[in-house]
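Residue numbers (the working numbering): 174 to 674.
The C-beta atom is built at its ideal place from N, Cα and C for all residues, glycine as well.
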Ligand SMILES: Nc1ncnc2c1ncn2[C@@H]1O[C@H](COP(=O)(O)OP(=O)(O)O)[C@@H](O)[C@H]1O
Ligand SMILES: O=C(CO)[C@@H](O)[C@H](O)COP(=O)(O)O
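In structure tokens:
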């Protein structure tokens, strides 16, 4: 039976999921990489890190699965969104990729908003945020003119890997939508926006559907991994759009929660909607459909920071092993996960995180629980906005991302969202979505609905809200919500103070 490979180029690691054409999991492999932070607010990765990780995953698969080379038929991708990759005429990166959680571009966001006014929302359906690609391009033009002069191609992370595999430069609508350069209605690069900011349209990659084929794996790479078939490569999707497909978000019945490096709440949108920038609005991987989402900049990232700072050397399971012994509300300890600023609902790159209410009786287990609760409250902010704008409550939510591995986090999500939380049998939503795109692209199925039936399965055991916890969290959440206003002024002053040196 033929195999399909889904590559999820995450922020903390690259994950490969190998499945057969019937939708059975064969195996998974992953390789981690670091984030470089040369200055406060900067977040970068060298595209070479991703290639090294991809090669490690391909090597691991070819060693573990004896018929990998013989049976691999198609590959597709899911990738961290918005991050800017810049290449010269030889397709060599000329600058580190500036990532989606880099907040150096506040000035450029103001410039975009001033120059485009209401046209920005009309054309792109989104507002200017530090994480998106266009402000990063303007930052490079302004701060690194010599580098900018060498740029012949702009790419998004997963598209760089596709280029590396095939030699062809493409992107697809779900990732293009996150650049602020796509005219969402016309489904083409916006000439108006590109001209306003002196961006030559020729440096933008050709657009295709998520399911579009970008090429075949180059001969020298096929030879290295002993791939005997002509392996087809398909464009894939932005990680949140691929996850939406991977969890079966192909109708409005359910919502999606992801606790990866970022935290995301998203919903299927059958047609273009105007959320006035309160929620992000992007193309889905399902051609012609869309999804809306709210984003917490540092969900898993806050947990990582906490682990590295206060639990060095511990595994996540060790770090969180006593969380269940603390009652909901962490006995009066609150945490706001704004360690790199926040998107939904505050859109504030200068807010910073805080612990509020530290008492002499608090132990490490209280801090651990407070961190998880703060992350989940922040996701609740997005969920509430989404439900209010859509006028409907999600009774069931599918939970993905690294955080979904922990049962205490899952129960907390059920209690704080007051919804039944469901998990996938194959735990990696974005990578699964990428496999599904490859299976469809290879022609193993006629429709994405059929692929969904074969590939997407939920675990039988779900996490249901406990009424006493729901009631308690409702009260704590109302207090937690005040922490943003209470700490915003202080945070802004401190950030300015630090920037002055
Ligand atoms: N066993 C675990 N328990 C709780 N959280 C975890 C666990 N493993 C990973 N995580 C969290 O999940 C995050 C990684 O999730 P993932 O979806 O792989 O992210 P990304 O796609 O951004 O690389 C980590 O940053 C970490 O905070
Ligand atoms: O910026 C966004 C969405 O707008 C992030 O969700 C990135 O797409 C990174 O995702 P993860 O690495 O956390 O999956």
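Below 8 Å on the Cβ atoms is my guess for residue 272 versus residue 184; work out the distance and round it to an integer in Å. As a first step, residue 272 must be located in the chain shown, where it is residue number 99. As a first step, residue 184 must be located in the chain shown, where it is residue number 11. Yes, they are in contact, since the Cβ atoms of residue 272 and residue 184 sit about 7 Å apart, within 8 Å.
Whole angstroms is fine: what's the gap from residue 321's alpha carbon to residue 224's? On the chain shown, position 148 is the one that residue 321 refers to. On the chain shown, position 51 is the one that residue 224 refers to. Roughly 23 Å between the two C-alpha positions.
Near ligand 2: residue 169 beta-carbon under 6 Å from a heavy atom: This structure cannot settle anything about residue 169, because the visible part of the chain is limited to 174 through 674.
Looking at C-alpha atoms only, which residue of 666, 602 and 298 is the closest neighbour of residue 416? For this step, residue 416 is matched to residue 243 along the chain shown. The shortest Cα separation from residue 416 among 666, 602 and 298 belongs to 602.
Quick check on the DSSP output: the beta strand (DSSP E) that includes residue 246 runs from which residue to which? Numbered from 1 along the chain shown, position 73 holds the residue referred to as residue 246. 245 to 252 is the span of the beta strand (DSSP E), which, as asked, contains residue 246.
List, from N- to C-terminal side, the beta strand (DSSP E) runs of 3 residues or more that fit wholly inside the region 247 to 292. 258 to 260
For residue 518, which residues in the same chain have their Cβ closer than 8 Å to its Cβ, ignoring the five residues on either side in sequence? The sequence position of residue 518 within the chain shown is 345, counting from 1. If we look at residue 518 and ignore the five residues flanking it on each side, its Cβ neighbours are 451, 467, 554, 555 and 558.
Candidates 561, 662, 594 and 579: closest to residue 569 by CA position: Walking along the chain shown from the start, residue 569 turns up at place 396. The shortest Cα separation from residue 569 among 561, 662, 594 and 579 belongs to 594.
Could you compute how far the alpha carbon of residue 528 sits from the alpha carbon of residue 506? As a working note, residue 528 is residue 355 in the chain shown. As a working note, residue 506 is residue 333 in the chain shown. Distance between the alpha carbons of residue 528 and residue 506 is about 7 Å.
Does DSSP put residue 392 in a helix, a strand or coil? Start at 1 with the first residue of the chain shown, and residue 392 comes out as number 219. Residue 392 falls in the helix class under three-state DSSP.
According to DSSP, which residues form a beta bridge with residue 328? Locating residue 328 in the chain shown gives position 155, counting from the first residue. In the DSSP output, where bridge partners are listed per residue, residue 328 has 258.
Go through its chain and collect everything with a Cβ distance to residue 343's Cβ below 6 Å, but skip five positions before and after it. To locate residue 343, count along the chain shown from 1; it is residue 170. Counting only Cβ-Cβ distances below 6 Å, and skipping sequence neighbours, we find 378, 379, 381, 387 and 408.
First and last residue of the alpha helix (DSSP H) that includes residue 670? Taking the chain shown and counting its residues from 1, one reaches residue 670 at position 497. Segment 655 to 673, the alpha helix (DSSP H) holding residue 670.
Just to confirm, does residue 489 get its C-beta within under 6 Å of one of the non-hydrogen atoms of ligand 1? Stepping through the chain shown from its first residue, residue 489 is reached at position 316. Residue 489: yes, Cβ under 6 Å from ligand 1.
Quick check: is any heavy atom of ligand 2 less than 6 Å from the C-beta of residue 253? The residue labelled residue 253 in the question sits at position 80 within the chain shown. Within the cutoff, so yes.
Could you pull out every residue in the same chain whose Cβ sits closer than 8 Å to the Cβ of residue 543, ignoring the five residues on either side in sequence? As a first step, residue 543 must be located in the chain shown, where it is residue number 370. Excluding residues within five positions, the ones whose Cβ falls inside 8 Å are 503, 506, 507, 508 and 528.
Say the cut is 6 Å; is the CB of residue 475 nearer than that to a heavy atom of ligand 2? Mapped onto the chain shown, residue 475 falls at position 302. Result no, Cβ not under 6 Å from ligand 2.
For the alpha helix (DSSP H) containing residue 193, name the first residue and the last one. Locating residue 193 in the chain shown gives position 20, where the first residue counts as 1. Element bounds for residue 193: not the alpha helix (DSSP H) but the beta strand (DSSP E), 186 to 193.
Of the residues 456, 292, 437 and 576, the one placed nearest residue 445, counting alpha carbons only: Taking the chain shown and counting its residues from 1, one reaches residue 445 at position 272. Nearest option by C-alpha distance: 456.
Are the C-beta of residue 504 and some C-beta of chain C separated by less than 7 Å? No chain C is present in this structure, which holds just one protein chain.
Would you please state the rounded distance, in angstroms, between the beta carbons of residue 572 and residue 430? I believe it to be under 8 Å. Numbered from its first residue, the chain shown carries residue 572 at position 399. Numbered from its first residue, the chain shown carries residue 430 at position 257. Correct: roughly 5 Å between the Cβ atoms.
Neighbour-count burial assignment, residue 375, 16 or more Cβ in a 10 Å radius: If you number the chain shown from 1, residue 375 lands on position 202. Exposed.
In terms of DSSP beta bridges, what is residue 362 paired with? Translated into positions along the chain shown, residue 362 becomes position 189. Residue 362 pairs with 355.
Starting from the Cα of residue 188, find the closest Cα among 231, 550, 329 and 545 and give me that residue. Counting from 1 along the chain shown, the entry for residue 188 is found at position 15. The shortest C-alpha separation from residue 188 is found at 231.
Cβ of residue 304 within 6 Å of any heavy atom in ligand 2? As a working mapping, residue 304 is identified with position 131 in the chain shown. Yes, the beta carbon of residue 304 sits closer than 6 Å to at least one heavy atom of ligand 2.
Please determine whether the Cβ atom of residue 273 lies at a distance below 6 Å from any heavy atom of ligand 2. Stepping through the chain shown from its first residue, residue 273 is reached at position 100. Yes, ligand 2 has a heavy atom inside 6 Å of this Cβ.
Pick helix, strand or coil for residue 374, following the three-state DSSP scheme. By 1-based counting over the chain shown, the position of residue 374 is 201. In the structure shown, residue 374 sits in a helix (DSSP, three-state: H, G or I).
Tell me whether the region 305 to 324 and the region 241 to 253 touch, counting them as touching only if at least three CB pairs, one residue from each stretch, are closer than 8 Å. no
If you draw a straight line from the C-alpha of residue 199 to the C-alpha of residue 254, how long is it? In the chain shown, the residue the question calls residue 199 occupies position 26. In the chain shown, the residue the question calls residue 254 occupies position 81. Taking the straight line from one Cα to the other gives about 27 Å.
Would you check if the distance between the CB atom of residue 675 and the CB atom of residue 606 is smaller than 7 Å? The structure shown does not extend to residue 675, since the chain is modelled only from 174 through 674, so no value can be given for it.
For residue 612 and residue 420, what's the separation of their Cα atoms in angstroms? Along the chain shown, read from residue 1 onward, the residue named residue 612 stands at position 439. Along the chain shown, read from residue 1 onward, the residue named residue 420 stands at position 247. Roughly 16 Å separates the two Cα atoms.
Every unbroken alpha helix (DSSP H) inside the region 210 to 250 [4 residues or more]: 220 to 237 and 241 to 244
On a CA-only basis, which of 179, 196, 211 and 194 is nearest residue 203? Give me that one, please. Residue 203 sits at position 30 when you count from the first residue of the chain shown. Answer by Cα proximity: 179.
Would residue 330 pass as a contact of residue 252 if the rule is Cβ separation under 7 Å? By one-based count along the chain shown, residue 330 stands at place 157. By one-based count along the chain shown, residue 252 stands at place 79. Closer than 7 Å, so yes.
Determine the closest residue to residue 371 out of 425, 285, 561 and 436, with distance taken between C-alpha atoms. Against the chain shown, residue 371 aligns to sequence position 198. Measuring from the Cα of residue 371, the nearest candidate turns out to be 285.
From residue 631 to residue 585, what distance separates their C-alpha atoms? Taking the chain shown and counting its residues from 1, one reaches residue 631 at position 458. Taking the chain shown and counting its residues from 1, one reaches residue 585 at position 412. Distance between the alpha carbons of residue 631 and residue 585: 19 Å.
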